[in-house]
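Numbering (this note's numbering), first residue to last: 59 to 245.
Quick reminder that beta carbons are idealized off the backbone N, C-alpha and C, glycines included.
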Ligand SMILES: [Fe+2]
């Protein structure tokens, strides 16, 4: 797994998240089976949600502010998150033996891969060109903070405390379920 550092700027941080997802895709595509496959899917779900929540809370509002077409770009990325959310919800309800399980998982991975490449190609370089490194570093800290209080935290913040009170995005419902799944799995 790529090593995260507290000094990473936001674009490095988010790219490492993408790389983590890609490593999980490789494990799944490598044909891991049984409990290990389910565990990898759970891990992927948690990673995706943490990442999406951080992007929606910290990155997309910035896009809207700094680019003339920022609203359009942010809306497009959020739309892609929503599509993945629908698929993850579907996956959550399916038994791994269900005929639809694997095609749904494949679609999740394909969609996420597209989303990650799209951001790395079209969004991140424009932000790097536009903003000073100091600002990108500061945003990296904010993203790390958001991820720390996000669903994988064993003692999640109450929903009415920041930044969750700001998160009314499409991931909100899924976040709770992933957190529950994660904590019940841990205990
Ligand atoms: Fe992303």
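Classification of residue i by the beta-carbon crowding that lies within 10 angstroms, buried from 16 upward
| i | result |
| --- | --- |
| residue 129 | exposed |
| residue 66 | buried |
| residue 222 | Residue placement at residue 222 is flagged as unreliable, the pLDDT there being 41, under the threshold of 50; the coordinate-derived value follows with that caveat. The residue in question, residue 222, is buried, as its Cβ has 16 or more Cβ neighbours within 10 Å. |
| residue 112 | buried |
Residue i versus residue j: straight-line alpha-carbon distance, rounded
| i | j | result |
| --- | --- | --- |
| residue 200 | residue 64 | 11 Å |
| residue 122 | residue 137 | 15 Å |
| residue 73 | residue 178 | 7 Å |
| residue 125 | residue 187 | 12 Å |
| residue 148 | residue 159 | 9 Å |
| residue 90 | residue 150 | 18 Å |
| residue 71 | residue 92 | 31 Å |
| residue 183 | residue 88 | 31 Å |
| residue 193 | residue 119 | 14 Å |
| residue 82 | residue 127 | 33 Å |
| residue 189 | residue 84 | 33 Å |
| residue 101 | residue 62 | 17 Å |
Other residues of its chain near residue i: CB distance less than 8 Å, five sequence neighbours each side excluded
| i | result |
| --- | --- |
| residue 116 | 68, 197, 200, 201, 204 |
| residue 80 | 171, 174 |
Own chain partners of residue i with C-beta closer than 6 Å, once the 5 adjacent residues on each side are dropped
| i | result |
| --- | --- |
| residue 109 | 75 |
| residue 219 | For residue 219, the predicted model reports a pLDDT of 43, less than 50, meaning its position is unreliable; a value from the coordinates is still stated below. So the list is empty, once near-sequence residues are dropped. |
| residue 77 | 60 |
| residue 195 | 67 |
| residue 156 | none |
| residue 191 | none |
| residue 185 | none |
CB contact flag (residue i, residue j, <8 Å)
| i | j | result |
| --- | --- | --- |
| residue 114 | residue 134 | no |
| residue 98 | residue 86 | yes |
| residue 166 | residue 145 | yes |
| residue 95 | residue 161 | no |
| residue 106 | residue 181 | no |
| residue 176 | residue 141 | no |
Nonlocal neighbours in the same chain, by C-beta distance under 7 Å from residue i, ignoring five residues either side
| i | result |
| --- | --- |
| residue 164 | none |
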